Structure formats: structure tokens, C-alpha cells
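In the working numbering, the protein residues as written are 10 to 120. From the three backbone atoms N, C-alpha and C, an ideal C-beta is built for every residue, glycine too. Everything numeric in this text was worked out from a predicted model, so none of it was measured.
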């Protein structure tokens with residue numbers, strides 16, 4: 010971010026939703042009774058298909074006031090996780106994404 014630019018979290022969230030709304034999936038609350046435990050909590054994963062997309066996503070997430078986890082490469086793409094129930098809910102709401110459409114196949118925007 011350039012020195013003359015100011016942080017605008019709402020604009021960053023809108024851009025995340027508009028540009029990457031279809032490239033995200035949610036891992037919601039784990040089933041506490043399931044064995045073995047597959048994951049521990051809420052997680053939103055953004056998918057970037059290039060290093061440039063990865064860097065842009067990281068920049069937008071930071072501009073939106075979130076702290077993304079460490080990006081990792083898998084399946085020829087990058088995954089950028091965001092952890093925590095509150096962070097996930099803030100991102101989904103700010104991006105205009107329907108919580109009812111939280112599927113691993115992709116998150117759909119509210120109409």
C-alpha cells in the first residue's frame with residue numbers, strides 16, 4: 010500500500026467478494042463427536058491460481074483488517090486460510106456472501 014493511500018476495509022471486503030467470492034470455501038465448526046478429529050475450528054480458505062493472485066489476496070485481507078494464515082501450495086494453486094469464527098463471520102458478511110451457501114464447492118453470494 011502506498012503512503013498516500015488510506016486503508017479502506019469496506020472497499021477491500023467488497024473487492025474480495027466481487028473478485029474472489031467464487032474462489033473461497035468454508036470449513037465450519039468441527040463435529041466434536043467425530044473420530045478422528047479432522048480440524049479444530051472455523052476456517053475460510055481463499056484459492057489463488059497464481060503467485061500474483063496470492064499476493065493480491067493477502068494484501069486485500071490485510072487491508073480489510075484480517076490476519077491471514079500462512080499460504081500453502083496444493084493442487085497447482087495457493088490456499089490462503091483465515092482462522093477463527095469471528096474473522097470468518099466478518100469476512101462473509103463484508104463480502105456479501107450468504108452463510109447458508111457455505112459449501113466446500115464454493116461460496117455463493119447473496120442475491
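If you compare alpha carbons, which of the options is closest to residue i?
| i | options | result |
| --- | --- | --- |
| residue 98 | 16, 17, 54, 27 | 54 |
| residue 82 | 28, 58, 65, 101 | 58 |
| residue 88 | 20, 56, 28, 52 | 56 |
| residue 24 | 92, 90, 68 | 68 |
Strictly by DSSP, which residues pair up with residue i?
| i | result |
| --- | --- |
| residue 90 | 54 |
| residue 83 | 86 |
| residue 33 | 55 |
Can you have a look at residue i and say buried or exposed, based on whether 16 or more other CB atoms are within 10 angstroms of its CB?
| i | result |
| --- | --- |
| residue 26 | buried |
| residue 31 | exposed |
| residue 61 | exposed |
| residue 96 | buried |
| residue 63 | buried |
Quick check: the Cα distance between residue i and residue j, rounded to an integer number of angstroms?
| i | j | result |
| --- | --- | --- |
| residue 35 | residue 80 | 16 Å |
| residue 78 | residue 72 | 15 Å |
| residue 18 | residue 84 | 30 Å |
| residue 103 | residue 22 | 5 Å |
| residue 101 | residue 94 | 11 Å |
| residue 124 | residue 106 | Absent from the model: residue 124. The displayed extent of the chain is 10 to 120, so no value can be given. |
| residue 91 | residue 20 | 18 Å |
Confirm the yes/no value for this check: CB of residue i, any heavy atom of the ligand SAM, distance under 7 Å.
| i | result |
| --- | --- |
| residue 89 | For the ligand SAM, the structure offers nothing, since it holds no ligand at all. |
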